[in-house]
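K.L.:
Chains as they are written, first to last, in the numbering used here: chain G, 136 to 491; chain Y, 4 to 322. For every residue, glycine included, the Cβ atom is placed at its ideal position computed from N, Cα and C. What follows is a structure written as structure tokens; I'll ask about it next.
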């Protein structure tokens, strides 16, 4: 098969009129001018591209030379020949497969992402968290705590009182728990993975009964016992890695969407963790014969406080009190068989803690 | 040759790609990136650049990107190693109890890498871009760029950021004045003053007009960049002239935004091809350089980012 073309030799941009022959015997594309062969390109190393009725052929392995062929009949013949004789790479075959195949690929990926993200990933993350040693929890907790201490004022008297209060309660904790009271009007309390429970004076000020404090501690210690922080970290991290690995080449917008999906998902994880901490915290109250309604009182009081006071209620932003939450806690209390004893020791310690 | 009177020639810059074929490239990239857990990234970049460059034509001949995934993968690994080292140093200083010092060191070293990265990127990209078999090239001197870069950074700091406009323009001029296509040289004669006032005006008018002036600002920036560029070959020149208008930018930006929002990002391919079509169709070339007699002058440069970054690592990162 013979045709005419324009040839650029890779030395200058001057176009040369050439004769082009597809030499099937030697598997070459031969380019000649007035009977002199300028180049013989092996079919296995050419790349071609068709646009606006012109076929552009390159052979980069040995030179920057470039060939343009205007005859449409020759394009079709060459493309068909290359395809049928296995000269096209898997990538070129994938490209010429057509838009419907590419749309199918995208649909498949979407399905893969959904299945992977919502069903496979949580399992992997949980397994990863299990594999991490407890020392990891400690070192993360210590780092956060070191940072936190520099920015806060610890009330050492109240810290001692809170530790005395907590020592009267059995939490089923595997790790040694350290309680800290921080002077701050902020209504907040949190647990660090190294076994530190931080309680702000602001939240203690809101409480009326020792049962509420016991409920708060029960809830926070449950976070530590269940290693919720580390599990959350693993989930967020693996979610982020998964999303960025899958979407890295798509575009910025997809990455942003992916990121938000990840955030939403981690929010619902955190709801599950909160629920587990409520359930376990409630069990701690029951085990210690403390009135479990303390937990309901605590949440209701915090809810009330939002309406009346201007103090910053950070605890509620991470522990939203919803009617649903109060309902399942009440449900759990109703289910449980328990004997409640008045605990004068706890009451006494609680009063000391409340005193200015 | 010199005695022949120069006559004006015609030049045509075009983008002939379309959204659906670019979408195919992206879809396949996406698939391969996903199943290789992200390691396909450099090859995906190669395919993307090949399509976009290959769809841009000058006088009906394609530009071509000849870089390979393999080269970019090597660069990517080197860059990764560099980042790991930087963060290890950061963590090391934090562990010693100096978090502020660690942050300072990290930011300074990242800033210090920038001119090296710019140099490496242009060397590689230009060397791998061809037209009619002729390579582009970047002949900037790395040490000179680094010296200039830090001088400009210094001026920017002592002028409380005002010099940033001149910084941007100087950097742009430096880069463009070192770019060439074979024996044709690029020239950029942009002035920092113009750029500064253009942005001051753009900033305040955009506020006064509640954002509407943004499109004029955008058009002015584009015109500023393009109208200051030209090509030179001995006595012959080609001047670049922008025909972009605020209305054009308005239509481009709003429609792209709608495409992306209403397709949940899947219309990205169409937004990109529309943008490139807009850019190429708004650049006119006028002059007398004969594009049929451009000669190869540049050698191939295969290091995707690495050389510069590793040189840097060996020399002064420890200090």
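Could you round the C-beta distance between residue 210 (chain G) and residue 185 (chain G) to whole angstroms and report it? I think they count as a contact, below 8 Å.
P.N.:
With a Cβ gap of about 6 Å, residue 210 (chain G) and residue 185 (chain G) count as contacting.
K.L.:
Flag residue 91 (chain Y) as yes if its beta-carbon sits less than 8 Å from any beta-carbon of chain G, otherwise no.
P.N.:
No, no contact with chain G.
K.L.:
Can you name the residues of chain Y whose CB is closer than 8 Å to the CB of residue 169 (chain G)?
P.N.:
The contacting residues do not exist; residue 169 (chain G) stays about 20 Å from chain Y at best.
K.L.:
Scan the region 12 to 24 of chain Y for residues whose Cβ lies nearer than 7 Å to a Cβ of chain G and list them as they occur along the chain.
P.N.:
Of all residues in the region 12 to 24 of chain Y, 19 and 23 have a Cβ within less than 7 Å of some Cβ in chain G.
K.L.:
Starting from the C-beta of residue 16 (chain Y), find all residues in its chain whose C-beta is less than 6 Å away, skip the five residues before and the five after it, and write them out in chain order.
P.N.:
61, 283 and 286, listed in sequence order.
K.L.:
Starting from the beta carbon of residue 295 (chain Y), find every residue of chain G whose beta carbon is closer than 7 Å, and list them in chain order.
P.N.:
Residues of chain G passing the Cβ test: 148, 149 and 150.
K.L.:
Applying the criterion that 16 or more other CB atoms from any shown protein chain within 10 Å of the CB defines a buried residue, is residue 223 (chain Y) buried or exposed?
P.N.:
The residue in question, residue 223 (chain Y), is buried, as its Cβ has 16 or more Cβ neighbours within 10 Å.
K.L.:
Residue 206 (chain G) to residue 137 (chain G), Cα distance in whole Å?
P.N.:
Rounded to whole angstroms, residue 206 (chain G) to residue 137 (chain G) spans 10 Å at the Cα level.
K.L.:
Leaving out five residues before and five after residue 180 (chain G) in sequence, what residues of the same chain have Cβ atoms less than 7 Å from its Cβ?
P.N.:
Hits under 7 Å: 194 and 196.
K.L.:
Could you tell me the distance, in whole angstroms, from the CA atom of residue 47 (chain Y) to the CA atom of residue 221 (chain G)?
P.N.:
Roughly 23 Å between the two C-alpha positions.
K.L.:
Report the rounded CA-to-CA distance for residue 229 (chain G) versus residue 31 (chain Y), giving the unit in angstroms.
P.N.:
Rounded to the nearest angstrom, the two C-alpha atoms are 8 Å apart.
K.L.:
State yes or no: is the beta carbon of residue 186 (chain G) nearer than 8 Å to at least one beta carbon in chain Y?
P.N.:
Interface residue, yes.
K.L.:
From residue 301 (chain G) to residue 310 (chain G), what distance separates their C-alpha atoms?
P.N.:
Their backbone Cα atoms lie some 14 Å apart in a straight line.
K.L.:
Tell me, please, whether the CB atom of residue 153 (chain G) is closer than 8 Å to any CB atom in chain Y?
P.N.:
So, not an interface residue.
K.L.:
Based on the DSSP secondary-structure assignment, which residues constitute the bridge partners of residue 152 (chain G)?
P.N.:
DSSP, once it has assigned bridges, lists G:141 as partnering residue 152 (chain G).
K.L.:
Apply the 10 Å Cβ neighbour rule to residue 94 (chain Y) and answer buried if 16 or more other Cβ atoms are within range, or exposed otherwise.
P.N.:
Result: exposed.
K.L.:
Going by C-alpha to C-alpha distance, which of Y:233, Y:53 and Y:165 sits closest to residue 2 (chain Y)?
P.N.:
This structure does not reach residue 2 (chain Y), given that chain Y is present from 4 up to 322, and the question cannot be answered.
K.L.:
With residue 506 (chain G) as the anchor, note down where its beta strand (DSSP E) starts and where it stops.
P.N.:
For chain G, the structure presents residues 136 to 491; residue 506 (chain G) sits outside this window and is missing.
K.L.:
Under 9 Å Cβ-Cβ, which residues of chain Y neighbour residue 200 (chain G)?
P.N.:
What residue 200 (chain G) touches in chain Y: 136.
K.L.:
Check this for me: beta carbons of residue 296 (chain G) and residue 487 (chain G), under 8 Å apart or not?
P.N.:
Their beta carbons are under 8 Å apart, which means residue 296 (chain G) touches residue 487 (chain G) by this criterion.
K.L.:
Entirely within the region 170 to 244 of chain G and at least 3 residues each: give me those beta strand (DSSP E) ranges in chain order.
P.N.:
List check, beta strand (DSSP E) in window: 171 to 177, 182 to 186, 189 to 193 and 201 to 204.
K.L.:
Residues of chain G with a CB under 9 Å from the CB of residue 57 (chain Y): which are they?
P.N.:
In chain order: 184, 186 and 191.
K.L.:
Checking the sheet assignment: what are the DSSP bridge partners for residue 236 (chain Y)?
P.N.:
The partner list for residue 236 (chain Y) (beta bridge, DSSP) reads Y:239.
K.L.:
Along chain A, in chain order, which residues have C-beta atoms closer than 9 Å to that of residue 431 (chain G)?
P.N.:
No chain A is part of this structure, whose protein chains are labelled G and Y.
K.L.:
Cβ of residue 143 (chain G) less than 8 Å from any chain Y Cβ?
P.N.:
It does: the Cβ of residue 143 (chain G) has a partner Cβ on chain Y nearer than 8 Å.
K.L.:
Between which two residues does the alpha helix (DSSP H) holding residue 298 (chain G) run?
P.N.:
That run of the alpha helix (DSSP H) goes 291 to 302.
K.L.:
Could you tell me whether any Cβ in chain G is nearer than 8 Å to the Cβ of residue 27 (chain Y)?
P.N.:
Closer than 8 Å to some Cβ of chain G, the Cβ of residue 27 (chain Y) qualifies, so yes.
K.L.:
Would you kindly check if the distance between the Cβ of residue 349 (chain G) and the Cβ of residue 425 (chain G) is under 8 Å?
P.N.:
In this structure, residue 349 (chain G) lies closer than 8 Å to residue 425 (chain G) by Cβ.
K.L.:
Could you give the first and the last residue of the continuous alpha helix (DSSP H) run that contains residue 173 (chain Y)?
P.N.:
167 to 179 is the span of the alpha helix (DSSP H), which, as asked, contains residue 173 (chain Y).
K.L.:
For chain G, find out if any of its Cβ atoms is closer than 8 Å to the Cβ of residue 239 (chain Y); answer yes or no.
P.N.:
False, the Cβ-Cβ gap to chain G never drops below 8 Å.
K.L.:
Would you say residue 195 (chain G) lies against chain Y (beta-carbon separation less than 8 Å)?
P.N.:
Closer than 8 Å: yes.
K.L.:
Is it a yes or a no for the region 166 to 181 of chain Y touching the region 138 to 153 of chain Y, going by three-plus beta-carbon pairs under 8 Å?
P.N.:
They touch, by the three-pair rule.
K.L.:
Is residue 118 (chain Y) near residue 139 (chain Y), with beta carbons less than 8 Å apart?
P.N.:
No; because the gap between Cβ atoms is not below 8 Å, this pair is not in contact.
K.L.:
Ordered along the chain, which non-local residues of its own chain (more than five positions away) have a Cβ less than 7 Å from that of residue 318 (chain G)?
P.N.:
These residues qualify, in order along the chain: 288, 290 and 336.
K.L.:
Which runs of the alpha helix (DSSP H) at least 4 residues long sit entirely within the region 411 to 444 of chain G? Give them in chain order.
P.N.:
Complete alpha helix (DSSP H) runs here, min 4: 428 to 443.
K.L.:
May I ask whether a heavy atom of the ligand SAM can be found less than 7 Å away from the beta carbon of residue 212 (chain Y)?
P.N.:
This structure lacks the ligand SAM, and indeed carries no ligand of any kind.
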